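Just so you know, we're using the working numbering here: the sequence shown kicks off at 1118 and counts up by one. Read the structure below first, then the notes.
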Amino acid sequence: MNRGRLLIIGVVALALGAVTSLMVYRNLQAHANPNAPPTEDVVLATDDLQVGTKISDRDLKVVRLPSTDLPPNRFRQKSKIIGRGVILPIAKGEFILPNKLAGENAGSGLAGLIPPGMRAMSVRVTDTSSVAGFVLPGTRVDVLLTGNPGGANEQQTTTVLENVTVIATGQKLERSSGSDAQTASVITLLVSPDDAAKLTLASTEGQIQLVLRNSLDTQSQKTSVSSGSLYNLAPPKTVAHAKAKRVVPATVAPYMIEIYKGDKKEESKF
């Protein structure tokens, strides 16, 4: 019985000693650096998260960092992030920020990439019309239409849409590593409802061509060209037709010449 009591007293003493040591350590730390900034919990990514990923608990970790070094709008709890979709790539160890996530209950995959009020629409392309596969997710394009408006004999090409974002090539929501081309027969564009209607009509009117543009170039340059303007044809010659006209000579007054022979005078008219 005495041995049991001694054992309990020893355990309690060890526990009290550990708690006392921890309190002393924290007090020493506080006195050693009284100006240390406050810290707080923040959520980081435990691995690279690709576009379209649905975030789970294992993709996140909570660490404590100085508040002065944290970005605005950071997340402090995993529960605010789990189940949301990724719309921009997130690197391992990176802060999880709202602008890289789909809205709550928006889901993941392609649907999670579509902002409110916008639509995703796919168009069929070839290697030529997709700029040899360099139309990749995240790039921007113009959409051109070539057809015969109103059944005219002369073909015409016009700009239908400008500065449209590509959100998928085939079933890929992100570009491959590096700048390699991605071959796909279908390109998905992010458009407004009105532009979706224009694109649908254009697909039935003629041939669609995508034109790759610099993402920093936002200037509008709509064009329209007809097939006749491509040929440097000389203008038709104008043929002048002369009309015969009768010319009536004008009446000329006669000249009078006086000729003297001795004392005789003679007059002659010319």
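Here a beta-carbon is modelled for each residue, glycine too, at the ideal position from N, C-alpha and C. What you are looking at is a predicted structure, and each value in this text was computed from that prediction instead of being measured.
Assigned secondary structure, residue i (DSSP; H/G/I helix, E/B strand, else coil)
i, result
"Asp1186", "helix"
"Arg1175", "helix"
"Asn1216", "helix"
"Leu1166", "strand"
"Arg1181", "strand"
"Val1356", "Low confidence applies here, because Val1356 scores a pLDDT of 49, under 50, leaving its location unreliable and the question unanswered by this model."
"Ile1304", "strand"
"Thr1137", "helix"
"Ile1207", "strand"
"Gly1200", "coil"
"Arg1193", "coil"
"Leu1131", "helix"
Boundaries (first-last residue) of the beta strand (DSSP E) holding residue i
i, result
"Ala1417", "Beyond the ends of the chain as shown, which are 1118 and 1387, falls residue 1417; an answer cannot be given."
"Ala1285", "Gln1273 to Thr1286"
"Val1342", "Ser1341 to Ser1343"
Cβ shell of residue i (< 6 Å), same chain only, five flanking positions each side left out
i, result
"Arg1191", "Val1159 and Phe1212"
"Lys1401", "Any answer about residue 1401 is impossible in this case: the structure gives the chain only from 1118 up to 1387."
Residue i: first and last residue of the uninterrupted alpha helix (DSSP H) it sits in
i, result
"Ala1319", "Pro1310 to Glu1322"
Own chain partners of residue i with C-beta closer than 8 Å, once the 5 adjacent residues on each side are dropped
i, result
"Leu1227", "Gly1169, Ala1237, Ile1284, Ala1285, Leu1290 and Thr1305"
"Pro1233", "Gly1220"
"Ala1135", "none"
"Glu1157", "Arg1181, Leu1182, Ser1184, Leu1187 and Arg1193"
"Ala1359", "Only weak support exists for where Ala1359 lies, its pLDDT of 49 falling under 50; the coordinates are left without a value."
"Val1252", "Val1242, Val1258, Val1283, Thr1286, Ile1304, Leu1327 and Leu1329"
"Asp1244", "Gly1250 and Thr1300"
"Gly1345", "Glu1271"
Residues near residue i by beta carbon distance below 7 Å, same chain, minus five either side
i, result
"Asp1176", "Ala1162, Thr1163, Asp1164 and Leu1166"
"Gly1210", "Leu1161 and Ala1162"
"Pro1310", "Arg1236"
Option in the options with minimal Cα separation from residue i
i, options, result
"Gly1267", "Glu1322, Glu1157 and Lys1178", "Glu1322"
"Ile1204", "Ala1319, Lys1197, Pro1215 and Thr1317", "Pro1215"
"Leu1262", "Leu1278, Glu1383 and Ala1130", "Leu1278"
"Asp1312", "Val1240, Lys1381, Lys1382 and Thr1340", "Val1240"
"Ile1325", "Ser1346, Ser1341, Thr1300 and Thr1274", "Thr1274"
"Ser1196", "Ser1173, Pro1206, Thr1335 and Lys1217", "Ser1173"
"Lys1339", "Gly1255, Ile1126, Thr1137 and Thr1276", "Thr1276"
"Ser1341", "Gln1288, Ser1320, Leu1307 and Gln1272", "Gln1272"
"Ala1319", "Ser1343, Asn1265 and Leu1347", "Asn1265"
Practice task
Could you tell me which uninterrupted alpha helix (DSSP H) segments, each at least 4 residues in length, are contained entirely in the segment 1236–1264, listed from first to last along the chain?
Solution key: none
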